[in-house]
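Its first residue numbered 135, the sequence shown is counted upward by one per residue in the numbering used here.
Comments concern the structure below.
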Amino acid sequence: MHPFDAEKPPQLAVLLGYAGLLPFVSGAAGIWVIPLGWRPYVLDALLDFAAVILAFMGAIHWGLAMRAEETDENAKLQLGLSVVPPLLGWAALASGLPIALTLPIFLLAFIGLYLADMHAVRVGLAPQWYPALRTPLTLVVCTSLLLAWASVLIR
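Here's what the structure looks like:
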């Protein structure tokens, strides 16, 4: 496996991470260019994918906690944090809130997840290369969600 203390992430992780941005970017851009009647479908697809990714990223924290010692307090915190992103995604979708309120919930969930990612690196649970991967991915995800939110507020 890739060295835990490497500065750069593994190339496959970079490739797959950037591939995972396609639904975010295409969804956020698509909202601005498609006919108005299609917008709800694109927004739903974007938020559904965002919820899946929140669950996926939360599971990473579960995995990071599992590799630590049982008595590691940081690992216990990380384990607790692992369930927050999927719960937020699910609650935002299931709540029936207007999309103008659902999008900022997702945005805050991704920001919180990023902070949890950086905490995991600081306490030695996540690899040193993780910020080099997560920072640009999180910026694109958050920008995409902001663009989608702006389209809802403006149109």
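Don't be surprised by glycine CBs; every beta carbon is placed ideally from N, CA and C.
Run of the alpha helix (DSSP H) containing residue i, from where it starts to where it stops
i	result
T269	Y264 to I288
Cβ-Cβ separation, residue j to residue i (assumed contact under 8 Å), whole Å
i	j	result
L237	P219	Their Cβ separation, rounded to whole angstroms, is 16 Å, which puts L237 and P219 out of contact at 8 Å.
L188	A153	Contact doesn't hold; Cβ gap of about 17 Å is too wide.
G223	A185	3 Å
Cα-Cα separation between residue i and residue j, rounded to whole angstroms
i	j	result
H136	L146	10 Å
L255	A209	One detail in the question is off: residue 255 reads as Val in this sequence, not Leu. Between V255 and A209, the C-alpha separation is close to 12 Å.
D182	A226	10 Å
V274	M191	15 Å
L211	S229	27 Å
A266	I239	25 Å
W263	V148	11 Å
T205	L235	39 Å
L241	W166	19 Å
E141	I168	41 Å
R268	E207	24 Å
T272	P157	14 Å
R289	I245	25 Å
R173	A202	44 Å
The ligand COA heavy atom lying under 6 Å from the CB of residue i
i	result
M191	Among the components modelled here there is no ligand, and therefore nothing to report on the ligand COA.
Quiz item: Between the region 194-202 and the region 242-259, do at least 3 Cβ pairs fall closer than 8 Å?
Solution: In this structure the region 194-202 touches the region 242-259; the number of beta carbon pairs closer than 8 Å is three or more.
Practice problem: Write down every uninterrupted run of the alpha helix (DSSP H) in the region 176-258 whose length is 4 residues or greater and which is fully enclosed by it, in chain order. | Solution: Listed in chain order, they are 207-216, 218-228 and 233-256.
Quiz item: Counting pairs of Cβ atoms below 8 Å between the region 279-288 and the region 177-191, do you hit three or more?
Solution: yes
Quiz item: Enumerated in chain order, which unbroken segments of the beta strand (DSSP E) with a length of 3 residues or greater are wholly contained in the region 137-162?
Solution: none
Quiz item: Using 8 Å as the threshold, is the region 257-271 in touch with the region 216-230, meaning 3 or more CB pairs across them?
Solution: no
Quiz item: Are there three or more Cβ pairs, one per stretch, closer than 8 Å when the region 148-164 is compared with the region 262-281?
Solution: yes
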